[in-house]
Amino acid sequence: MPRSRAHGEHPATPAREAFESGRVPLWVGPYRSSSSHGAAGSSVHSYAVILLITRGHSRIQHAGELSLQEGDVHLIPPGDPHGPAHAQDAEGWGLAFRPEAFAQGSGWGEEPELWLRPFLQIRGGCHPVLRPSAAQRRRLEGWLRAMATEFEGEARGRDEALTALLRLVLIELERIEVPVSAPVSAGLGLTRQVLSYIELNGLKPLSLADVAGVVGRTSTHVATVVRRETGRTVGDWILERRMAEARRRLRGTDERVDIIAERVGYADVTHFIRLFRRVHGLTPAAWRRKVLAVSPEAPS
C-alpha cells in the first residue's frame, strides 16, 4: 500500500509533526537529500506539494521517471503516487499544504479551484515539472524563504502573511509555461478525474455512485482503481475533503459545530462529530480549543 510521506528528507520537527497530524494547514522548510537511493515503494499523500530544487539533481517516479535539475519546480497533486527518489545531493525548498491553509475571508477557502489550479493542470495531462525563468526562480525562492521565516515565528499577522505568500507562489506557478506531458496510465488518469471532482464538489451530497456517473464508469471499477492507485477509498477522499473544510472553519471562524457540520455536508451533527473524532482523536470543539490554545491569533 502506498505510504503517506513525501519523497526526500525533511527534518522531523514538531512543526512537521503538527502538519502531518492536521493541526496546522501547511509546512514549509528546506529540502535536502544526500542519499543515492530513496526508500522503496511509492508515496501518496492527501495534501499538495511544491518542491523547488536549488542545487543538485534528482530522479523520481511520478507518472513516469522524472529528472529534476537545479531550478526545477516539481508539483505533486494530492493523491498522485510518486517515488522512490534517487538523489545526488539535491537541495531546495519544500512546501506542503492543505486547502484549509487559506483562511476564512481570504476568498480562497470557498473556491478550491483557486488553490488547485496549478495542480489541476497536472491532472489534465501537463508535465509535473516546471522550469521557471531565472527571475521567476528568484521570486519563488524569496517567497519560500519568507514563508519559512513566518512559519517558524509567532509574529502578529503570521497566518495572514503565510496565506498571502502562498497565494503569490501559486500565482507565479500559473504564469510558468507548462509543458504537455505524455499520456498517463488509464488508472492514474481516472483517479485524477475522480479526485478533482471530489475536491470541487465534496462538500455537496456525494456518493461513490455519483462520482462514478460523472466519470462514466461503474461504481465497482472506480472503487477498485482509486483504491489501487492511492491506497484509499473514494469515501476516504470525500471524508478528507470535508474534514479539511471543517478544520478550516474550526480554526478560522467562531461558527457553531452544528453549523460547520451542515456546511461540510452532514445534516446530522452527531454523525459529523463521530467522524471528526475518528479522524482526529478529538471532538470538533475539543480540537478547536487545542489548536487555538497554541495559535498566535484567534479566529476573526
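Just so we're aligned, residue 1 is where the sequence shown starts under UniProt numbering, counting upward by one. Don't be surprised by glycine CBs; every beta carbon is placed ideally from N, CA and C.
For Val196, I'd like the list of residues in its chain whose CB is within less than 7 angstroms of its CB, leaving aside the five on either flank, ordered along the chain. Indexing the sequence shown from 1 puts residue 196 at position 196. Per the sequence presented here, residue 196 reads as Ser, with Val not at that position. Leu120, Arg123.
Please state if the CB of Val49 and the CB of Gly231 are separated by a distance shorter than 8 angstroms. By one-based count along the sequence shown, residue 231 stands at place 231. By one-based count along the sequence shown, residue 49 stands at place 49. Cβ distance not < 8 angstroms, so Gly231 and Val49 don't count as in contact.
So for Ala48, helix, strand or coil by DSSP? Here residue 48 refers to the residue found at position 48 of the sequence shown. Reduced to three states, the DSSP call for Ala48 is strand.
What first and last residue would you give for the beta strand (DSSP E) that runs through Ile76? Numbered from 1 along the sequence shown, position 76 holds the residue referred to as residue 76. Its beta strand (DSSP E) spans residues 73-76.
Taking its Cβ as the centre, do 16 or more other Cβ atoms sit within 10 Å of Pro205, making it buried, or is it exposed? As a working mapping, residue 205 is identified with position 205 in the sequence shown. The Cβ neighbour count for Pro205, taken over all protein chains shown within 10 Å, is under 16; the residue is labelled exposed.
Given a threshold of 16 other Cβ atoms within 10 Å of its Cβ, counted over all protein chains shown, does Ile171 qualify as buried or as exposed? The residue given as residue 171 occupies position 171 in the sequence shown. Ile171 comes out exposed.
My understanding is that Arg217 touches Leu200, with C-beta atoms under 8 angstroms, so please give their C-beta distance in whole angstroms. What you label residue 217 is simply residue 217 of the sequence shown in a count that begins at 1. What you label residue 200 is simply residue 200 of the sequence shown in a count that begins at 1. Not confirmed; about 18 angstroms, so no contact.
DSSP three-state call for Gly252: helix, strand or coil? Walking along the sequence shown from the start, residue 252 turns up at place 252. If DSSP states are grouped into helix, strand and coil, Gly252 belongs with the helices.
Consult DSSP for Thr218 and reduce its assignment to one of helix, strand or coil. In the sequence shown, residue 218 corresponds to position 218, counting from 1. Thr218: coil per DSSP, three-state reduction.
Can you tell me whether Ser185 is helix, strand or coil according to DSSP? Position 185 of the sequence shown, counted from the first residue, corresponds to residue 185. Look at Ser185 here: in three-state DSSP terms it is coil, with no helix or strand label.
Residue range of the unbroken beta strand (DSSP E) whose run includes Leu66: On the sequence shown, residue 66 is found 66 positions in, with the first residue counted as 1. 65-68 is the extent of the beta strand (DSSP E) around Leu66.
Residues in its own chain within less than 7 angstroms of Ala212 by CB, not counting five upstream and five downstream? By one-based count along the sequence shown, residue 212 stands at place 212. Thr218, Ser219, Val222.
Presumed contact (8 angstroms Cβ cut-off) between Leu275 and Val169, rounded CB distance: Indexing the sequence shown from 1 puts residue 275 at position 275. Indexing the sequence shown from 1 puts residue 169 at position 169. The Cβ separation is near 32 angstroms, so there is no contact.
Where do the N-terminal and C-terminal ends of the alpha helix (DSSP H) with Leu173 fall, by residue? Counting from 1 along the sequence shown, the entry for residue 173 is found at position 173. Segment 158-175, the alpha helix (DSSP H) holding Leu173.
Applying the 10 Å Cβ sphere with the 16-neighbour rule, what's the burial state of Asp254? For the purposes of this step, residue 254 is taken as residue 254 along the sequence shown, with counting starting at 1. Result: exposed.
Rounded distance between the beta-carbons of Ile53 and Gly71, thought under 8 angstroms: Looking up residue 71 in the sequence shown gives position 71. Looking up residue 53 in the sequence shown gives position 53. Contact flag correct, Cβ pair sits at about 7 angstroms.
Applying the criterion that 16 or more other CB atoms from any shown protein chain within 10 Å of the CB defines a buried residue, is Glu174 buried or exposed? Within the sequence shown, residue 174 is the residue found at index 174, counting from 1. Exposed: under 16 other Cβ atoms inside 10 Å.
Does the beta-carbon distance from Leu26 to Ala101 come in below 8 angstroms? The residue labelled residue 26 in the question sits at position 26 within the sequence shown. The residue labelled residue 101 in the question sits at position 101 within the sequence shown. Taking 8 angstroms as the Cβ cut-off, Leu26 and Ala101 qualify as a contacting pair.
For Ala261 and Phe272, believed in contact at Cβ under 8 angstroms, the rounded distance: Counting from 1 along the sequence shown, the entry for residue 272 is found at position 272. Counting from 1 along the sequence shown, the entry for residue 261 is found at position 261. Between Ala261 and Phe272 the Cβ distance is about 4 angstroms, and since that is below 8 angstroms, they are a contact.
Would you tell me roughly how many angstroms separate the C-alpha atoms of Gly79 and Ser46, rounded to the nearest one? Translated into positions along the sequence shown, residue 79 becomes position 79. Translated into positions along the sequence shown, residue 46 becomes position 46. Rounded to whole angstroms, Gly79 to Ser46 spans 6 angstroms at the Cα level.
Under 8 angstroms, do Val148 and Gly29 count as touching if we go by C-beta distance? Translated into positions along the sequence shown, residue 148 becomes position 148. Translated into positions along the sequence shown, residue 29 becomes position 29. As written in the sequence, residue 148 is Ala, which differs from the Val given in the question. Between Ala148 and Gly29, the CB-CB gap stays under 8 angstroms.
For Phe19 and Tyr31, the rounded distance between their alpha carbons: Indexing the sequence shown from 1 puts residue 31 at position 31. Indexing the sequence shown from 1 puts residue 19 at position 19. Note on geometry: alpha-carbon atoms of Tyr31 and Phe19 lie some 16 angstroms from one another.
How about Leu140 and Pro128: are their beta carbons less than 8 angstroms apart? The sequence position of residue 140 within the sequence shown is 140, counting from 1. The sequence position of residue 128 within the sequence shown is 128, counting from 1. No.
I think Asp89 touches Gly56, with their Cβ atoms under 8 angstroms apart; what is that distance to the nearest whole Å? Position 89 of the sequence shown, counted from the first residue, corresponds to residue 89. Position 56 of the sequence shown, counted from the first residue, corresponds to residue 56. Between Gly56 and Asp89 the Cβ distance is about 4 angstroms, and since that is below 8 angstroms, they are a contact.
Within 10 Å of its beta-carbon, does Asp268 have 16 or more other beta-carbons around it, so buried, or fewer, so exposed? Taking the sequence shown and counting its residues from 1, the one referred to as residue 268 is at position 268. With fewer than 16 Cβ atoms within 10 Å of its Cβ, Asp268 is classed as exposed.
Once the 5 residues before and after Arg263 are set aside, which same chain residues still bring their CB inside 8 angstroms of it? Mapped onto the sequence shown, residue 263 falls at position 263. Only Leu203, Glu245, Arg249, Glu255 meet the Cβ criterion.
For Asp89, which of helix, strand or coil comes out of DSSP? Counting from one through the sequence shown, the residue named residue 89 turns up at place 89. The answer is strand: DSSP assigns Asp89 an E or B state.
Quick one: Cα of Arg158 to Cα of His280, how far? Position 158 of the sequence shown, counted from the start, is the residue given in the question as residue 158. Position 280 of the sequence shown, counted from the start, is the residue given in the question as residue 280. Approximately 24 angstroms between the Cα atoms of the pair.
Which whole-angstrom value describes the C-beta separation of Val225 and Ala63, a residue pair presumed to lie in contact below a C-beta threshold of 8 angstroms? Here residue 225 corresponds to residue number 225 of the sequence shown, with the count starting at 1. Here residue 63 corresponds to residue number 63 of the sequence shown, with the count starting at 1. Approximately 15 angstroms separates the beta-carbon atoms of Val225 and Ala63; this is outside 8 angstroms, ruling out the contact.
Does chain C have any CB closer than 8 angstroms to the CB of Val225? Absent from the structure is chain C; it holds one protein chain and no more.
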